[in-house]
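Participant: Positions in the sequence shown are counted from 1; adding 90 to them yields this note's numbering. Glycine included, each C-beta is placed from N, C-alpha and C at the ideal position. As the structure is a computational prediction, the values presented were derived from the model and not from experiment.
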Amino acid sequence: YIVTFDPTLGDVPALQLDGTLLEGNDASGQVISCDENVHQILHFLPLSSTSVEGHFYLAYKDERTRFMNVDSSVDDLQDAILSDISSILSISIAEVDDVSNPGAKSFDLKLDLFEGPADLFFAENYMMSSGRVDVVATCPTASPQSPTHSTRSVVGRRGPDFVASLSNAESSTVYGDIAHVADGLYAASYTSPRVGQYSLDVQSAEFGGLTGEYFDNNELVDPPSFVQINSVFDF
C-alpha cells in the first residue's frame, strides 16, 4: 500500500503499524517512510578511467570530521563522525555495491539519533588526488527485492504558490493558473480575454484562505474598495 498525504498538512509523523494479529509463518509488516536528510549516500566516484584516491572530510552544520582516506572502512567512518561531530549521537553506516559504475563505491548513512533538525553532510574534496566524493540525500525503498512491487518513499515540503493576472483599463481582470513543472520551471495557463494590450502580473501567494474583493456598489464595478485574504468566513 502506498499512502500519500496532502502537502498542505506539512511534515507528518510516520504511520505506526501493529502487526500482532497477522497470521502465517514469519508474518510481519513494516512502514517505510522518509524524513528529510535522515538517509544519505556517500559516493566515491572515479573521473574517467582513474581510480579514486586521496583524503576528504565530512562537514555537518558547524562541525567537521578529521581527514579520512578514501579507503576508510565502515568502522572508520562511524568512529570519525561520532567522535568529531557532537550533534550526531548515533549513526548506522553500510557499504553499498555500485555495479553500474566500476571503480566507484558508496556508503549508506542513516542518522539514528541527532540534535535539532537533520542536515546534509558536505564532503570536502580539495585533498583528493583523483576522483571525487559527494553526499546526496535519499529515501528508503519498500520491497527492494521485488521490482514489481518496489517503491521509493519520498519527502518534501510545499513550495511557493503563484498567481498570474491579466488586466487593462477596458476589461476586468483575468486570473490564470501557475503549475510547477520541474527545477524552478513553471507553466502558466489562463483563458484568453478579448484582443488588446494587457499587463501581466505574477504574484507570490500564500495558501490558507480565499482572496476576497470588496465593492462599494451593487453592480460590482471595478475597482474594488479593498482586497484581502480571508482564512475564516464569519459575516
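Could you please give the first and the last residue of the uninterrupted beta strand (DSSP E) stretch that includes G160?
Facilitator: According to the sequence provided, residue 160 is Val. The question's Gly does not apply to it. Careful: V160 lies outside any beta strand (DSSP E) and carries neither H nor E.
Participant: Return helix, strand or coil for Q130, following the three-state DSSP convention.
Facilitator: The answer is strand: DSSP assigns Q130 an E or B state.
Participant: I need the DSSP call for A149, collapsed to helix, strand or coil.
Facilitator: Note: A149 maps to strand in three-state DSSP.
Participant: Would you call the region 120-131 and the region 228-238 in contact, with 3 or more CB pairs under 8 Å?
Facilitator: In short, these stretches touch, since the Cβ pair count reaches three.
Participant: Does the region 250-265 touch the region 156-174, meaning 3 or more C-beta pairs lie closer than 8 Å?
Facilitator: Short answer: they don't touch.
Participant: Go through its chain and collect everything with a Cβ distance to L172's Cβ below 7 Å, but skip five positions before and after it.
Facilitator: Excluding sequence neighbours, L172 sits near I178, I181.
Participant: Throw me the rounded Cβ distance for the S289 and N258 pair, which I believe falls under 8 Å.
Facilitator: Correct: roughly 7 Å between the Cβ atoms.
Participant: Please report the distance separating the alpha-carbon of D224 from that of S243.
Facilitator: Whole-angstrom Cα-Cα distance: 22 Å.
Participant: Taking all protein chains shown into account, decide if Y130 is buried (16 or more other Cβ within 10 angstroms of its Cβ) or exposed.
Facilitator: The sequence given here places Gln at residue 130; Tyr does not occur at that position. Burial call: buried.
Participant: Along the beta strand (DSSP E) that carries R222, what are the first and last residues, could you check?
Facilitator: Unbroken beta strand (DSSP E) run through R222: 222-228.
Participant: Go ahead and label F211 buried or exposed: buried means 16 or more other beta carbons lie within 10 angstroms of its beta carbon, across all protein chains shown.
Facilitator: By the 10 Å Cβ count, F211 comes out buried.
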